[in-house]
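*Asks:*
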């Protein structure tokens, strides 16, 4: 189906665009009263993730209500460990929690490579439905967690300030770590391919805990697996967002991907110099600026837009939008991007 | 009193040293069974912090047991908010918790500038005692949190992954934010001067949440207050450790301080280029390397030592030592630094 608005995909490929496209990480979610209304009727977060009609409904909300240039399927990066054999719960105000974790070879041997048609059919169905309902208005983004970030949760079993348990495994059991990372990577490749197969126009890989590894370990335990994913995914463009990994920008620039996401701490000119001229860049407004009075927000958006320039930029925040952000401020951010004159 | 071992202070001033001095952030604490024995007899963490004899005892433990080249007074950065009028509790496995926080001008008006002799006498007494007991063996480090980091806790009231509440205040109430940062700064200057007065040989300022602000906000809300502190403290050398603020290294290099601390994600050569040649650097081994087999740890220490070079370096981790680290590994780290040949 022809897209009415393909600004996002053209910017991802570095093509000239009439204006810079814009969307927000976590745009489908807690900032919208319409989302909270859906969520309030349910037993929990996982019911929403695993029910295609509901995931579709909340995926469409920001397209209808906020006017973003792309939709992102409502889901969670932890569906992959689950499809590999590690169930998780999402505990309100605390985050994810896994009853079983991976600590030994025996634990690893109980896991399987995720089969998207089996363990992740509900996400694929949500994507199919959403593509139908979008009816070509804007592109649909699929996504997965990066292998290192998924590894963090599978070893740690929950969120952590330091992920020192996951990092201990890298130090003490490097061969086991690589085996687990490899299994996650193979699962992720199949999953992303399946998402594209059923309609995702671009896929984004979130390396949320990239910033905790440091240059040497990132090169050993994260980049090779990102490279495998980028090399394998040729069916659609791919965005790599390695939060906090400023030190790996030159290597990220060498990946066979189309877009590199920047967090809000990264200086745009320095990031562009590190990444090189070929990739499009996505980001990177400080999410806390959405709390600011409109004139301050407007000023910051203008600076960001001029820093990135008119080509090869997808406007976004430098991290997911914070839950208590006023949707009116989000609309103003989107409008300011859309009206920007270079 | 003459110091038997003044390597740490000479390296801080950039002087030539026979060998690189070494200590560890959080060396006095949970890694040592001897510490846990003391702690186990007490009602809680705060009893330890507020009892000079006990704080002295656990401050000396790593000097006796690990052979570090400096002691750091056992205390907490949150003694400053407490002395300003915001009590905190330290909840086991959860971290700090404040019943009152600062949200408005009325809240701010209830706070006072900390008077070290009144609200912080127990820290000063612990420093006096520790200096006596050290008897010149190694220098004693005093410390405080940086104004931005203290602000985070006073506004947020507890730890946070994003400190979005504190960052919201910067955006929505910048004048109030500056007033609070100013009050924290004045309190901190008096506190650090008092620590030096009673015997601290060097003071370190910990900006633990520096990495969350980004370049622009760090320049507005963090650096000016660090500068005030550095300008005011002329009685002893000062170390500034701004964790995660790689983007501010050039500005940190302009502060009137002697040492800049580096976290483990920062590349040593790049950091040196950003900071300039004048400052000494402290750091920056990945704390997770203390989990590694000895040959791997040894190799990493050697690389680190050669990266920093023989002059103007204080060896340390790039963050506090993790609680479950084997003290034997810490000893091996220290020994490897001490035996390093350039």
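Residue numbers (the numbering used here), protein chains in the order written: chain A, 2 to 343; chain B, 2 to 343. C-beta atoms are modelled at their ideal positions from N, C-alpha and C, and glycine is treated no differently.
When DSSP labels each residue in this structure, what does residue 208 of chain A get in the three-state scheme?
*Replies:* Numbered from its first residue, the first chain carries residue 208 of chain A at position 207. Looking at residue 208 of chain A - three-state DSSP - the assignment turns out to be strand.
*Asks:* Pull out every residue of the region 24-49 of chain B whose Cβ sits closer than 8 Å to any Cβ of chain A, in chain order.
*Replies:* Per Cβ criterion, the list is empty.
*Asks:* For residue 290 of chain B, return the contacting residues in chain A, with the cut-off set at a CB-CB distance below 8 Å.
*Replies:* If you number the second chain from 1, residue 290 of chain B lands on position 289. By Cβ distance, chain A contributes 172.
*Asks:* Counting contacts by CB-CB distance shorter than 8 Å, is residue 431 of chain A in contact with chain B?
*Replies:* The question about residue 431 of chain A has no answer here: the residues shown for chain A are numbered 2 through 343.
*Asks:* Between the region 138-163 of chain B and chain A, which residues of the former have CB atoms less than 9 Å from a CB of the latter, in chain order?
*Replies:* Answer in chain order: 160, 162 and 163.
*Asks:* Counting only the same chain and skipping the five closest in sequence on each side, list residues whose C-beta sits under 8 Å from that of residue 288 of chain A.
*Replies:* Numbered from its first residue, the first chain carries residue 288 of chain A at position 287. Here the set comprises 265, 318, 319, 320, 321, 322, 323 and 326.
*Asks:* Which residues does DSSP pair with residue 317 of chain A in a beta bridge?
*Replies:* Mapped onto the first chain, residue 317 of chain A falls at position 316. Beta-bridge pairing links residue 317 of chain A to A:285.
*Asks:* For residue 212 of chain B, return the contacting residues in chain A, with the cut-off set at a CB-CB distance below 9 Å.
*Replies:* For the purposes of this step, residue 212 of chain B is identified with residue 211 of the second chain, where counting begins at 1. Within 9 Å Cβ-Cβ: 212, 245 and 266.
*Asks:* Can you look up residue 159 of chain B in the DSSP assignment and give me helix, strand or coil?
*Replies:* Counted from its first residue, the second chain places residue 159 of chain B at position 158. DSSP places residue 159 of chain B in strand when its eight states are reduced to three.
*Asks:* Helix, strand or coil for residue 296 of chain B per DSSP?
*Replies:* For the purposes of this step, residue 296 of chain B is taken as the residue at position 295 of the second chain. In this structure, residue 296 of chain B counts as helix in the three-state DSSP scheme.
*Asks:* Considering only the alpha carbon of each residue, which of B:204, B:211, B:245 and B:185 lies closest to residue 212 of chain A?
*Replies:* Locating residue 212 of chain A in the first chain gives position 211, counting from the first residue. The shortest C-alpha separation from residue 212 of chain A is found at B:245.
*Asks:* Just the Cα atoms here: how many angstroms apart are residue 303 of chain A and residue 296 of chain A?
*Replies:* For the purposes of this step, residue 303 of chain A is taken as residue 302 along the first chain, with counting starting at 1. For the purposes of this step, residue 296 of chain A is taken as residue 295 along the first chain, with counting starting at 1. Cα to Cα, residue 303 of chain A sits roughly 11 Å from residue 296 of chain A.
*Asks:* Does DSSP put residue 222 of chain A in a helix, a strand or coil?
*Replies:* Residue 222 of chain A sits at position 221 when you count from the first residue of the first chain. The DSSP-derived three-state label of residue 222 of chain A is helix.
*Asks:* Going along the chain, which unbroken runs of the beta strand (DSSP E) with 3 or more residues stay wholly within the region 35-119 of chain B?
*Replies:* 89-92 and 96-99
*Asks:* Would a C-beta distance cut-off of 8 Å place residue 267 of chain B and residue 286 of chain B closer than the cut-off?
*Replies:* Taking the first residue of the second chain as 1, we reach residue 267 of chain B at position 266. Taking the first residue of the second chain as 1, we reach residue 286 of chain B at position 285. No; because the gap between Cβ atoms is not below 8 Å, this pair is not in contact.
*Asks:* Of all the options A:307, A:247, A:128 and A:343, which has the alpha carbon lying nearest to the alpha carbon of residue 54 of chain A?
*Replies:* For the purposes of this step, residue 54 of chain A is taken as the residue at position 53 of the first chain. Among A:307, A:247, A:128 and A:343, the Cα nearest to that of residue 54 of chain A belongs to A:128.
*Asks:* Of all Cβ atoms in chain A, is any one closer than 8 Å to the Cβ of residue 168 of chain B?
*Replies:* For the purposes of this step, residue 168 of chain B is identified with residue 167 of the second chain, where counting begins at 1. Interface residue, yes.
*Asks:* Note down the Cα distance separating residue 173 of chain B from residue 332 of chain A, rounded to an integer number of angstroms.
*Replies:* Sequence index remark: in the second chain, residue 173 of chain B carries index 172 (1-based). Sequence index remark: in the first chain, residue 332 of chain A carries index 331 (1-based). So the two alpha carbons sit approximately 18 Å from each other.
*Asks:* Report yes or no: do the region 152-164 of chain B and the region 96-111 of chain B share at least 3 C-beta pairs separated by less than 8 Å?
*Replies:* yes
*Asks:* Would you identify the three-state DSSP class for residue 185 of chain B, choosing helix, strand or coil?
*Replies:* Here residue 185 of chain B is taken as the residue at index 184 of the second chain, counted from 1. Of the three classes helix, strand and coil, the one that applies to residue 185 of chain B here is helix, per DSSP.
*Asks:* Can you tell which of A:62, A:181 and A:146 has its C-alpha closest to the C-alpha of residue 138 of chain A?
*Replies:* In the first chain, counting from the first residue as 1, residue 138 of chain A sits at position 137. Checking every option, the nearest Cα to that of residue 138 of chain A belongs to A:62.
*Asks:* Does the beta-carbon distance from residue 71 of chain B to residue 24 of chain B come in below 8 Å?
*Replies:* Residue 71 of chain B sits at position 70 when you count from the first residue of the second chain. Residue 24 of chain B sits at position 23 when you count from the first residue of the second chain. Judged by beta-carbon spacing, residue 24 of chain B lies within the 8 Å limit of residue 71 of chain B, meaning their Cβ atoms are closer than that value.
*Asks:* Should residue 88 of chain A be labelled buried (16 or more other beta-carbon atoms within 10 Å of its own) or exposed?
*Replies:* Mapped onto the first chain, residue 88 of chain A falls at position 87. The residue is exposed, with fewer than 16 neighbouring Cβ atoms inside 10 Å.
*Asks:* Could you tell me whether the Cβ of residue 97 of chain B comes closer than 8 Å to any Cβ of chain A?
*Replies:* Taking the second chain and counting its residues from 1, the one referred to as residue 97 of chain B is at position 96. Not closer than 8 Å to any Cβ of chain A, the Cβ of residue 97 of chain B fails to qualify, so no.
*Asks:* Would DSSP call residue 142 of chain B helix, strand or coil?
*Replies:* Numbered from 1 along the second chain, position 141 holds the residue referred to as residue 142 of chain B. In the structure shown, residue 142 of chain B sits in a strand (DSSP, three-state: E or B).
*Asks:* Could you tell me whether any Cβ in chain B is nearer than 8 Å to the Cβ of residue 323 of chain A?
*Replies:* In the first chain, residue 323 of chain A corresponds to position 322, counting from 1. True, the Cβ-Cβ gap to chain B drops below 8 Å.
*Asks:* Which residue's Cα is closest to the Cα of residue 247 of chain A: B:259, B:215 and B:236?
*Replies:* Taking the first chain and counting its residues from 1, one reaches residue 247 of chain A at position 246. It is B:215 whose Cα lies nearest to the Cα of residue 247 of chain A.
*Asks:* Which residue from B:236, B:64, B:93 and B:180 puts its Cα closest to that of residue 200 of chain B?
*Replies:* Here residue 200 of chain B refers to the residue found at position 199 when the second chain is read from its first residue. Looking at the Cα atoms, B:236 is the closest of the given residues.
*Asks:* Can you give the Cα-Cα distance for residue 11 of chain A and residue 255 of chain A, rounded to whole angstroms?
*Replies:* Here residue 11 of chain A is taken as the residue at index 10 of the first chain, counted from 1. Here residue 255 of chain A is taken as the residue at index 254 of the first chain, counted from 1. When only Cα atoms are considered, residue 11 of chain A and residue 255 of chain A end up about 20 Å apart.
*Asks:* Using a Cβ cut-off of 8 Å (strictly closer), state whether residue 248 of chain A contacts chain B.
*Replies:* Position 247 of the first chain, counting from 1, holds the residue named residue 248 of chain A. Chain B, which has a Cβ nearer than 8 Å to the Cβ of residue 248 of chain A, makes this yes.
*Asks:* Take every Cβ of the region 160-168 of chain B, pair it with every Cβ of the region 133-147 of chain B, and state whether three or more of those distances are shorter than 8 Å.
*Replies:* no
*Asks:* For residue 298 of chain B, which residues from the same chain have a beta carbon less than 6 Å from its beta carbon, with the 5 sequence-adjacent residues on both sides left out?
*Replies:* For the purposes of this step, residue 298 of chain B is taken as residue 297 along the second chain, with counting starting at 1. Counting only Cβ-Cβ distances below 6 Å, and skipping sequence neighbours, we find 290.
*Asks:* Just verifying my parser: in three-state terms, what is the DSSP assignment at residue 322 of chain A?
*Replies:* Here residue 322 of chain A refers to the residue found at position 321 when the first chain is read from its first residue. Coil, per DSSP.
*Asks:* One question on the structure: do residue 115 of chain A and residue 109 of chain A come within less than 8 Å of each other, judged by their Cβ atoms?
*Replies:* For the purposes of this step, residue 115 of chain A is taken as the residue at position 114 of the first chain. For the purposes of this step, residue 109 of chain A is taken as the residue at position 108 of the first chain. No, these two residues do not count as a Cβ contact at 8 Å.
*Asks:* When you compare each of A:29, A:316 and A:65 to residue 49 of chain A by their alpha carbons, which one comes out closest?
*Replies:* Here residue 49 of chain A corresponds to residue number 48 of the first chain, with the count starting at 1. The candidate whose alpha carbon is nearest that of residue 49 of chain A is A:29.
*Asks:* To the nearest angstrom, how far is it from the Cα of residue 14 of chain A to the Cα of residue 241 of chain A?
*Replies:* Numbered from its first residue, the first chain carries residue 14 of chain A at position 13. Numbered from its first residue, the first chain carries residue 241 of chain A at position 240. When rounded, the distance between both Cα atoms is 14 Å.
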